[in-house]
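Let me begin by presenting the structure, written as structure tokens, before commenting on it.
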Amino acid sequence: MAWDFSTDPEFQEKLDWVEQFCREEIEPLDLVFPMAVRSRDPKLKALVDPLKQQVKDRGLWALFLDEDLGGPGFGQLKLALINEILGRYASAPAIFGTAAPDTGNMEMLAAYGTDEQKQRWLYPLLNQEIWSAYSMTEPQGGSDPNLFKTHAVKDGEEWVINGEKWFTSAGRMADILFVMCNNGMFVVPADTPGVEILPVPRTHSHIRYNDVRVPLDHLLGPEDGAKVLAQRRLGGGRIHHAMRTIAQCKRAFDMMCERALSRESHGKIIGEHQMVQEMIADSYAEINMLRLLVLWTAWSIDNSSTQATRTQIAACKYTMAKVLREVSYRALHIMGSLGTTNLTPLQAMYAAAPTMGIADGVDEVHKVTVARNVLKGYRPHEGMWPTEYIPAKREQARKKYAELFANEPELREHADRIEEYLAARE
Ligand SMILES: Cc1cc2nc3c(=O)[nH]c(=O)nc-3n(C[C@H](O)[C@H](O)[C@H](O)COP(=O)(O)OP(=O)(O)OC[C@H]3O[C@@H](n4cnc5c(N)ncnc54)[C@H](O)[C@@H]3O)c2cc1C
């Protein structure tokens, strides 16, 4: 019997350490120095670097990578259990070397980079000596890659890139940009002449690539391979987001339950009012449904591959947005007027839910993926009636009893009477 939902004690110890470390060291940093993790200010680095070192000393750095690339090689299921904790704290992914968008870019480098490319970019990214961003979406449309226009042309010993990208997260802080062109994925140092970062939006950059020249060895993976690399990158990123979203949902749920026990209205604590109980009960079930979906998907990736689990990852992607939206809304609502302010994290969590449904591909596109792949496992029914059409199935079933009916007319009459009775009720 292989189904098992338990965590072995040795790994539980690691989880306990992560939980305590995040609560005692990372939460205060989040509250007082929220931008410190990516800062190049030596005084802020002096706060952050010792925390990273503690993580490294524990063997918990770059959890998403295999041992040969500097990670612990835990696999996705263990990563999910850790990310369920890290996702509560904004700075935690960076302090554990697992922050987006760098993780996805590192995964591409690890899978498709030459040894030289890994030396030049992967290891410095891994050590957070440099930062990266991912330029795929274009202003005219993000959901359909066939609309992308950015293109590279070979000119002697260089590629010349022209195009316009939109919503490149952390683009302004990046040292290198992974630029998806129609004919390949390119690594572009951010200070290359022709890289023009527009003033807005600030966090997710609008970037023009104007005759940007990079050496030939800045092509990552095969020529014309950009879509394959993008799928690989985005698949990993989506499941990591889903793992961290469980943490956000649980955080909202904890706030909801604490409040339900702390406030009174109309003669009883609000947690005794049935409509509040319904919100708690629904949230409990939905969070656990999401969690099981994500853990099952993580386990499936460990036992097959990201590509083979595309359907499951897509299901996690839109389910996480939905559960976060529902649970954070209920928690905010139960918090009353306080919930509508920025004095608790709930308003920001609720505002993040639509983002979850858009970033890394809009919900609709993921639902299409799921439905299409699920339908591949089905066939149309033969003839007029569906397979579960009861009269046809009953007729088949009666054939099984043909001999019995011949020997026992009473049983046949009994079956006929039931059939007549059911027919009369239709
Ligand atoms: C927080 C955040 C971070 C991001 N970071 C990055 C990044 O680092 N790099 C990067 O390249 N991009 C990034 N993006 C962009 C993201 O990938 C795109 O926003 C996303 O792919 C959707 O593209 P779009 O915004 O152009 O919306 P559109 O493609 O214009 O879609 C708009 C709406 O149209 C509908 N729609 C679209 N297609 C379909 C369909 N096939 N079926 C049914 N309905 C459909 C949906 O309702 C959808 O919400 C980020 C986005 C967000 C929100």
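Counted the way this note's numbering counts, the sequence shown spans residues 48 to 473. Backbone N, C-alpha and C fix where the C-beta goes; we use that ideal spot for every residue, glycine too. Remember, predicted model here, so these are calculated numbers, not experimental data.
Sub-8 Å separation of residue i and residue j beta-carbons
i           : j           : result
residue 281 : residue 407 : yes
residue 354 : residue 344 : no
residue 272 : residue 232 : yes
residue 326 : residue 393 : no
residue 284 : residue 150 : yes
residue 98  : residue 142 : yes
residue 403 : residue 449 : no
residue 287 : residue 111 : yes
residue 468 : residue 414 : no
residue 261 : residue 292 : no
residue 179 : residue 225 : yes
residue 294 : residue 134 : yes
residue 83  : residue 95  : yes
residue 377 : residue 330 : yes
residue 123 : residue 349 : yes
residue 371 : residue 400 : yes
residue 210 : residue 244 : no
residue 127 : residue 342 : yes
residue 36  : residue 183 : As shown, the chain starts at 48 and ends at 473. That puts residue 36 outside it, with no answer to give.
Near ligand 1: residue i beta-carbon under 7 Å from a heavy atom
i           : result
residue 407 : yes
residue 68  : no
residue 365 : no
residue 183 : yes
residue 154 : no
residue 411 : yes
residue 361 : no
residue 180 : yes
residue 415 : yes
residue 148 : yes
residue 121 : no
residue 251 : yes
residue 387 : no
residue 145 : no
residue 233 : no
residue 188 : yes
residue 214 : yes
residue 402 : yes
For residue j and residue i, the rounded distance between their alpha carbons
i           : j           : result
residue 259 : residue 253 : 16 Å
residue 265 : residue 201 : 12 Å
residue 153 : residue 172 : 7 Å
residue 104 : residue 352 : 29 Å
residue 268 : residue 159 : 5 Å
residue 73  : residue 177 : 22 Å
residue 146 : residue 70  : 18 Å
residue 440 : residue 419 : 28 Å
residue 166 : residue 174 : 12 Å
residue 311 : residue 381 : 12 Å
residue 207 : residue 236 : 13 Å
residue 313 : residue 101 : 50 Å
residue 433 : residue 426 : 11 Å
residue 187 : residue 196 : 9 Å
residue 379 : residue 397 : 8 Å
residue 234 : residue 223 : 7 Å
residue 257 : residue 199 : 11 Å
residue 79  : residue 229 : 43 Å
residue 461 : residue 431 : 29 Å
residue 41  : residue 299 : The structure shown does not extend to residue 41, since the chain spans only 48 to 473, so no value can be given for it.
residue 77  : residue 66  : 15 Å
residue 138 : residue 428 : 53 Å
residue 92  : residue 321 : 50 Å
residue 505 : residue 315 : Residue 505 is absent from the model: the chain starts at 48 and stops at 473.
residue 130 : residue 181 : 22 Å
residue 356 : residue 346 : 10 Å
residue 107 : residue 157 : 18 Å
residue 62  : residue 290 : 14 Å
residue 56  : residue 304 : 28 Å
Contained alpha helix (DSSP H) runs [length at least 4] in the stretch 381–412, N- to C-terminal order: The qualifying runs are 393–403.
Every unbroken alpha helix (DSSP H) inside the stretch 165–228 [4 residues or more]: Restricted to the stretch 165–228, the alpha helix (DSSP H) segments that are unbroken, complete and at least 4 residues in length are 170–173, listed in chain order.
Considering only residues of the stretch 303–376, which uninterrupted alpha helix (DSSP H) runs meet the minimum length of 4 residues and lie entirely inside it, listed in chain order? Correct list: 321–350.
Every unbroken alpha helix (DSSP H) inside the stretch 61–136 [4 residues or more]: The stretch 61–136 contains these whole alpha helix (DSSP H) runs: 74–79, 89–104 and 123–133.
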